[in-house]
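Just so you know, full-length UniProt numbering puts 274 at position 274 of the sequence shown, and the rest follows in order with no gaps.
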Amino acid sequence: MADLTLDHVSKFFDDGGSKVVAVDDASVTIEDGEFLVLVGPSGCGKSTTLRMIAGLETVSEGQIRLGDERMDNRPPRDRDIAMVFQSYALYPHMSVRGNMRFGLEESTDMADADIDAVVEETADMLGIADLLDRKPGELSGGQQQRVALGRAIVRDPEVFLMDEPLSNLDAKLRSQMRTELQRLQEELGVTTVYVTHDQTEAMTMGDRIAILNDGELQQVATPLEAYHRPANRFVAGFIGEPSMNFFEMEVHGDTLANDTFTYDLSPRSKEAVEGTSRVTLGIRPEDVELVSDDELDHTYETSVDVVEPMGNENAVYLEFGTERRFVATVGGMRRVEAGQSAVARLPEEAIHLFDAATGEALQ
Ligand code: ATP
C-alpha cells in the first residue's frame with residue numbers, strides 16, 4: 001500500500017490544430033487508504049485526470065507515482081488499479097459470477113477454487129450472493145452497479161478509480177449506495193479517487209475533496225475546510241446549495257461600499273483588505289439572518305421577492321436596492337411571504353472576502 005501522487009501533471013489535446021489544456025499542472029498526494037473526491041463542473045478535466053491515473057490517457061507533462069514508483073509510463077494492466085464506470089461496463093453475455101471472475105482470471109494465476117471463494121465472499125459483502133447466476137440484463141441498475149463494484153473489489157487493487165459510478169441510479173438508491181460505498185471503502189482501506197460533478201456527493205463522501213475548474217486544481221481540503229475556508233471565489237460559489245451570495249464592493253478604509261449599501265469592517269477584516277481596491281463580499285444563504293431589530297450592526301432593509309420551499313427550510317430571495325438580489329435560508333416553520341419587508345443581517349463573523357481581481361480569499 002502507498003500514497004498516490006500527481007506531480008505537476010498536465011494533459012494537452014490537439015483539437016484540429018488548437019491546443020486544449022484539459023488538465024493544467026495538477027499536484028496532489030492521495031494518502032494510502034484515503035477517499036479523495038475529484039469534483040468540478042462539466043468539462044473541467046475530472047475524467048481526463050482519472051484516465052491518466054488509469055493509463056487510458058497519456059500524461060503530457062509531469063509524473064504520476066504510487067509510493068516512490070513512477071507509474072505514468074506503465075501500461076494500464078501493470079498499474080494495480082481497478083476502475084468503476086458510470087456505465088457499469090459489464091459483459092452482457094456473462095453471468096454475474098463470470099463478470100466478477102473475469103478481472104481475476106485476467107490478472108492473476110489464482111486457482112479456480114480460490115477465485116470462486118473470493119467472488120462468493122465479495123458477493124456476500126455486497127449483498128448480491130443470490131444473483132451470481134443471473135445475467136446483467138436481469139438486474140436492476142443498483143444491482144448492476146454492485147456487480148461492477150464487485151468486479152473491482154475482487155482484484156484487491158492498490159487503487160480504486162470511480163467515474164461518477166452512481167449517476168445512473170435514482171436519488172434514493174444513490175444516497176443509499178453513497179453510504180454503502182463509503183463503508184466498503186473504509187473497510188477495505190483501498191486508496192480511492194472518486195469523480196463527480198455533484199457537490200453534495202463530494203461533501204458527504206470524501207475524506208478530502210479536490211475542486212477542479214478549467215483544468216486547474218482550485219483547492220484540496222476536507223469538505224468542512226472547503227465550506228468554511230474556501231481558497232477562492234470559485235470554490236466558495238461551487239460548494240454549498242443555494243450558492244454563496246456575492247457583492248462587488250470598493251474598499252474605502254474600513255468601509256466597503258457599492259451603489260446600494262456600505263459595510264463596516266472590524267480591524268481584523270480591515271487588515272485583510274488592506275492594499276486591495278475592489279473586493280467581493282461573500283455570505284452564505286444560511287448565514288444571512290432575518291431579524292426584527294434594525295438597530296443591530298450590519299442590518300439592511302430588504303423586501304421579500306420569492307419564497308422557495310426546500311423541504312425543512314425555505315430559500316427566501318430578498319431584493320435590496322437597485323436590482324440586487326440575494327438569498328437567505330430560514331427554517332421552514334418561519335412565516336415569510338413574498339412582498340413583505342424584512343431586515344436582513346449579514347453578520348461579520350460569517351462573511352468571506354475575496355480579491356475582486358484574482359478571486360483569491362483575503363482572510
Ligand atoms: P464531464 O463532467 O462533462 O464528464 P470532465 O470534467 O470529466 O467533464 P473531461 O472529460 O476530462 O472533463 O474534459 C476536459 C476537457 O478536455 C474538455 O474541454 C474536453 O472537451 C477536453 N477533451 C477531453 N477529451 C478530449 C479529446 N480526446 N480531444 C480533445 N479534447 C478533449
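Note that beta-carbon positions come from the ideal geometry of N, C-alpha and C, so glycine has one too. Quick caveat: nothing in here was measured; it's all calculated off a predicted structure.
Asp32 and Thr191 have their C-alpha atoms spaced approximately 5 Å apart.
Beyond the five residues adjoining it in sequence on each side, Leu126 comes within less than 6 Å, by CB distance, of Arg146, Gly150 in the same chain, given in chain order.
With respect to the C-alpha of Asn245, the residue from Arg97, Val291, His352 having the closest C-alpha is His352. Annotation: the continuous beta strand (DSSP E) that includes Leu318 extends over 313–320.
In terms of Cβ geometry, Pro157 and Asp80 form a close pair [threshold 8 Å]. Here Phe238 carries a helix assignment [DSSP, helix/strand/coil].
With the rule of 3 Cβ pairs closer than 8 Å, the region 271–278 does not count as touching the region 286–302. Ala117 counts as exposed, since fewer than 16 other C-beta atoms from the protein chains shown sit within 10 angstroms of its C-beta. A distance criterion of 7 Å places the beta-carbon of Thr200 beyond contact range of the ligand ATP, judged by its closest non-hydrogen atom.
Distances from the alpha-carbon of Met310 to those of Ser140, Pro285, Asp355, Ile30 put Pro285 closest. Taking non-hydrogen atoms of the ligand ATP into account, the C-beta of Lys19 is found less than 7 Å away from none of them.
The ligand ATP never approaches Ser277 closely enough for any of its heavy atoms to be under 7 Å from the residue's Cβ. Between Met162 and Leu169, the gap from beta carbon to beta carbon reaches 8 Å or more. With fewer than 16 other Cβ atoms inside 10 Å of its own Cβ, Leu296 counts as exposed. Scanning its chain for C-beta atoms nearer than 6 Å, with the 5 sequence neighbours on each side dropped, one finds around Thr29 the residues Asp3, Thr5, in chain order.
Residue environment for Arg233: buried (at least 16 other C-beta atoms within 10 angstroms of its C-beta). Considering only Ser60, Thr49, Ser42, Val37, the residue with the shortest C-alpha distance to Lys19 is Ser60.
DSSP places Met203 in the uninterrupted alpha helix (DSSP H) bounded by 199–205. The continuous stretches of alpha helix (DSSP H) do not include Val288, and DSSP gives it neither H nor E.
One alpha carbon belongs to Asp25, the other to Glu337, and they sit about 49 Å apart. Taking the Cβ atoms as the reference, Gly282 lies roughly 5 Å from Ala236, within the contact range of under 8 Å. Distance from the CA atom of Arg183 to the CA atom of Thr222, rounded to whole angstroms, is 18 Å. By the CB criterion at 8 Å, Leu90 and Pro165 fall outside the cutoff. Asp163 is bridged by DSSP to Phe85, Val195. When secondary structure is reduced to three states using DSSP, Gln185 falls in the helix class. With 5 Å as the limit between CB and the heavy atoms of the ligand ATP, the residues that fall short of it are Phe13, Asp15, Val20, Ala22, Ser42, Gly43, Cys44, Gly45, Lys46, Ser47, Thr48, His197. According to the DSSP assignment, Thr49 belongs to the alpha helix (DSSP H) that extends over 46–54.
The shortest C-alpha to C-alpha distance from Asp133 to any of Arg345, Gly321, Val119 is the one to Val119.
By alpha-carbon distance to Val23, the top candidate from Ala171, Asp130, Ile211 is Ile211.
In this structure Gly45 is buried. Its beta-carbon is surrounded by 16 or more other beta-carbon atoms within 10 angstroms. Taking Thr260 as reference, the option from Phe326, Glu313, Glu225 with the minimal CA-CA separation is Phe326. DSSP places Thr5 in the uninterrupted beta strand (DSSP E) bounded by 4–15.
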